[in-house]
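First residue of the sequence shown: 6, per my numbering; consecutive thereafter. The block underneath contains the structure these notes are about, expressed in structure tokens.
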Amino acid sequence: MLSRNIHPFDIVNGALLVFISAVVIYPLVFVLSASISDPAAVLSGNMWLWPVNVSFTGYEKVFGNRDLLTGYANTILYTVVGTAINVVMTMMAAYPLSQRSFYGRNLIMALIVFTMFFSGGLIPTYMVVRDLGMTNTMWALIIPSAVSVYNILIMRTYFQTSIPGEILEAAAIDGSSDIRTLLRIVLPLSLPILAVMVLFYAVGHWNAYFNALIYLTDREQYPLQLFMREILIQGQMEEMINASDHAHAQTIMDEETVKFAIIVVANLPIFLLYPFLQKYFTKGVMIGALKG
């Protein structure tokens, strides 16, 4: 039987990790429990961890609200299309820049990195988007942020350090074109960094609201985050709750449970996505970010 000496550092380290885990997990459990608890118990402080008098009133009101369902559908569409474009654009930029035989790659990389520190600013960007006719369309939320310089650097570094040059040389000797080599050899070996890119871009699109605030005036095009902003910050819940049919106290309690239900519904897709990508996440980020 293997035995191991337990050092004070291990105890302190373990206690610290338990504390940090509790700090991170408790708000998640609280919000989930509050979303299905009696709002009176939540407001009075009787519910502090597990659900009390389980009620799904908040979810009924959330899924019965047309604006939120429209926002949810729009956000899913923007996230899927935007992430696909982001990953393809990043890959098409990073792969040639990772090849030492690519003439002028250092100059191009310097110009790309320059944009990380100096940009045109909000007003010129808005004028470009407007003149291209993209306002009040989904493309206003996708095209201006179609590629991230930071992610190009991570993916380029991954290609340089994790794809053996001998494989690429052998493919070239066998007559493989650059596109064929990228699709048939490089990408199958790059699943960790692709998973990281999908997670980075998908979370960014899912949580984005500023571009929608600037470029969209049509409520039919609003993403979920703008409707959440109206409900959570501006307190515009009367239409959804129909306060005229309830006492004022009951209306306030319904508002609270709807807020918690919205938070859960809005973040659920990201929570479901992360476990499938987690096994690639650490490897992709560490190799892409540190070895360069």
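Where a beta carbon is used, it is the ideal one built from N, C-alpha and C, also for glycine.
CB of residue i within 8 Å of CB of residue j, strictly
| i | j | result |
| --- | --- | --- |
| M94 | A145 | no |
| P149 | N216 | yes |
| L231 | G87 | no |
| E261 | L48 | yes |
| A46 | N58 | yes |
| Y279 | L187 | no |
Assigned exposure category for residue i - 16 Cβ within 10 Å defines buried
| i | result |
| --- | --- |
| H210 | buried |
| T120 | exposed |
| S42 | buried |
| R161 | buried |
| F205 | buried |
| F281 | exposed |
| Y155 | exposed |
| T222 | exposed |
| P228 | buried |
| A20 | exposed |
| V134 | buried |
| F24 | exposed |
| F164 | buried |
| M132 | exposed |
From the options, residue whose alpha carbon lies closest to that of residue i
| i | options | result |
| --- | --- | --- |
| S153 | S124, F265, L112 and L196 | S124 |
| E264 | L37, L137, V17 and N18 | Reading the sequence as shown, one finds Lys at residue 264 and not Glu. The residue with the shortest Cα to Cα distance from K264 is L37. |
| V92 | L218, M202, D15 and H12 | M202 |
| A115 | T142, L158 and L82 | L158 |
| F61 | I267, P129 and F276 | I267 |
| T142 | L192, L194, S106 and I219 | I219 |
| W53 | E65, G69 and P32 | P32 |
Boundaries of the alpha helix (DSSP H) in which residue i is found, first to last residue
| i | result |
| --- | --- |
| H210 | L196 to N212 |
| I147 | W144 to I147 |
| V218 | Position check: residue 218 holds Leu in this sequence, whereas Val was assumed. Where L218 is concerned, the enclosing alpha helix (DSSP H) stretches over F215 to Y220. |
| S124 | Careful: S124 lies outside any alpha helix (DSSP H) and carries neither H nor E. |
| P13 | P13 to S40 |
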